[in-house]
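Here is the structure we will look at, set down as structure tokens.
Numbering (full-length UniProt numbering), first residue to last: 1 to 666.
Next up, the structure:
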């Protein structure tokens, strides 16, 4: 029955219709509004150089000449490479004009504007008529790159969880063809903190339909944030099952790891990995046992960013979502480390998933891929059929075609990863960088002359100018280093074939072994357990469960074997056995006086990082300053040195105690 309406007072409709027009807002996505706002900012900057410097005036008096001037100004001040992207920018400007003028854009002017971009500006600025491509990825690429990431990759991650999350992101994208913004915080929705959350996960222990005596984990994941339908309509739900052939490719295993780290299980009986299989036995009258998550965790993102705590330690932020831009930086760095010729972006995993969805009908493909039009799918698929054998009426050579159409064909982990010290010294002599450093170095003594110390000049115009000069030096150096690294990377792959041929001709075949001296051995042990690539039908169920439990225990232990980023390239593991290194000093007196007492007292650090001996006092002092200890400890601070129970109430007394009691002099 329809709900009865509340009777309202009589309205004078004649007076109502004669009032001013209501303001109706466009129903645009937040990311579109963000792009329009950026266009507006750029147009305001451009018109500030005109007379009058009023952007509204120029919108009202728009001509093709004004539009051409703005587009040329934008091209001169921005690194635009592709015509397709620039056409999108021009389209956003037209939407901005329509909003400001509350009118449709003139049809003739729109045609001329498009022709201007596609002909004159494209030719003069040499815009690329192609499009960005992603290197194709298949299961072999995912398997090798995931093993490399977990076992031997030397890319510096802020936390262990950051590395694990990148691996999970890859696996979920290839399993569902999801966009990155569906799982983590999209760059178009920054500060929304909306990503895959614990409320989107359903976890079950189920009876296997083909063998009721066998119980397995099953997980359902809801994709609320699909492009164009964010938090609207009915989101698709994807199902994950246990992967026991290679635990390293099991998404359920990753989510269990994060649930234990977040203490997310609603049941108080699930505290350690073995409890999952001890207490979730499915009753006879049911097909599943739901494994619930706490209500307080439902709105917390699963993938979360790293942040520094009050003492400068990298931790996982308790509430803020993992950002796409940061994940993309890690993806490029790890792909280079794994030896891929073209690192690509996270979207290559979506493309790899799409290539295996070609057999689906149009409707199913659109639902899974999140497309509105079936034609979009064509951009994700390349030729993966043996057309030569089809014409010759011979069996298809699928293995060779599979190799030729994915990134593994050119992968080479011996590709240069970093610049040599000699090359860096050469780049420091770059004229532009030298000029910026000279300006910075002129401001420094001026600041010291006026304020005696740099920090005392904080807040002054001169200090701000000094900081800007420092930032320009850092930015220019980073740009030079990146360009040089890209050049060396490209030159390696352009000439690697000639190098291999020459070495073979000389009778010295190339032999390459990865340097894992700076990699925590426990990572390799975990990877060897998880990447067995076995036939699970020939393995006992009890052994599979034990491997899962052992894997989770090793994963959780790895989070307590952290190595600070500053030490990741310094601490070595190819010397004495790690087991022989004492986790805590046996004496209250330091032999060298060059250990960090704060690190010695931390429980979640690797023993080698805890007991690392710095080369000089000044190096130790700089490291100690990164802990950002306060000058006073109102509630007292227990001495961090293992075995010492002294409570100190100020930083000077803390340092004095370290010198007298533990022979560590700052």
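All residues carry an ideal CB built from backbone N, CA and C; glycine is no exception.
Per-residue burial, residue i [other beta carbons within 10 Å of its own, 16 or more giving buried]
i, result
"residue 301", "buried"
"residue 638", "exposed"
"residue 608", "buried"
"residue 364", "exposed"
"residue 391", "exposed"
"residue 49", "exposed"
"residue 85", "exposed"
"residue 135", "buried"
"residue 398", "exposed"
"residue 369", "buried"
"residue 459", "exposed"
"residue 225", "buried"
"residue 57", "exposed"
"residue 572", "exposed"
"residue 312", "exposed"
"residue 442", "exposed"
Residue i - partner residues in DSSP beta bridges
i, result
"residue 217", "205"
"residue 174", "The partner list for residue 174 (beta bridge, DSSP) is empty, contrary to what the question assumes."
"residue 304", "321"
"residue 668", "Residue 668 lies beyond the residue range present for the chain, which begins at 1 and ends at 666; the question has no answer from this structure."
"residue 237", "222"
"residue 605", "562"
"residue 197", "301"
Separation of residue j from residue i, as counted between CA atoms
i, j, result
"residue 551", "residue 151", "14 Å"
"residue 620", "residue 592", "12 Å"
"residue 544", "residue 42", "59 Å"
"residue 670", "residue 109", "Residue 670 lies beyond the range of the chain shown here (1 to 666); nothing can be said about it."
"residue 589", "residue 328", "46 Å"
"residue 280", "residue 291", "8 Å"
"residue 160", "residue 403", "32 Å"
"residue 546", "residue 274", "9 Å"
"residue 658", "residue 456", "29 Å"
"residue 88", "residue 340", "30 Å"
"residue 516", "residue 246", "23 Å"
"residue 634", "residue 177", "53 Å"
"residue 534", "residue 33", "50 Å"
"residue 18", "residue 12", "10 Å"
"residue 179", "residue 51", "45 Å"
"residue 384", "residue 219", "31 Å"
"residue 333", "residue 451", "42 Å"
"residue 133", "residue 367", "23 Å"
"residue 82", "residue 128", "5 Å"
"residue 617", "residue 595", "10 Å"
"residue 479", "residue 438", "18 Å"
"residue 561", "residue 278", "27 Å"
Residue i CB to nearest heavy atom of the ligand NAP below 7 Å
i, result
"residue 154", "Inclusion of the ligand NAP in the displayed structure is not the case, the ligand content being empty and no account of it being possible."
Secondary structure of residue i, DSSP reduced to three states
i, result
"residue 91", "helix"
"residue 190", "coil"
"residue 653", "helix"
"residue 535", "coil"
"residue 563", "coil"
"residue 294", "coil"
"residue 510", "coil"
"residue 632", "strand"
"residue 501", "helix"
"residue 315", "strand"
"residue 212", "strand"
"residue 662", "helix"
"residue 32", "helix"
"residue 289", "strand"
"residue 16", "helix"
"residue 128", "strand"
"residue 248", "helix"
"residue 25", "coil"
"residue 185", "strand"
"residue 493", "helix"
"residue 265", "strand"
"residue 589", "coil"
"residue 623", "helix"
"residue 453", "coil"
"residue 280", "coil"
8 Å Cβ cutoff, residue i in contact with chain B
i, result
"residue 509", "No chain B appears in this structure, which consists of one protein chain only."
Runs of 4 residues minimum, wholly inside the region 337–422: which ones carry the alpha helix (DSSP H) assignment? 347–355, 362–369, 387–392 and 398–404
Pick out the complete alpha helix (DSSP H) segments inside the region 45–122, 4 residues or longer, and give them in chain order. 55–60, 64–77, 83–101 and 107–115
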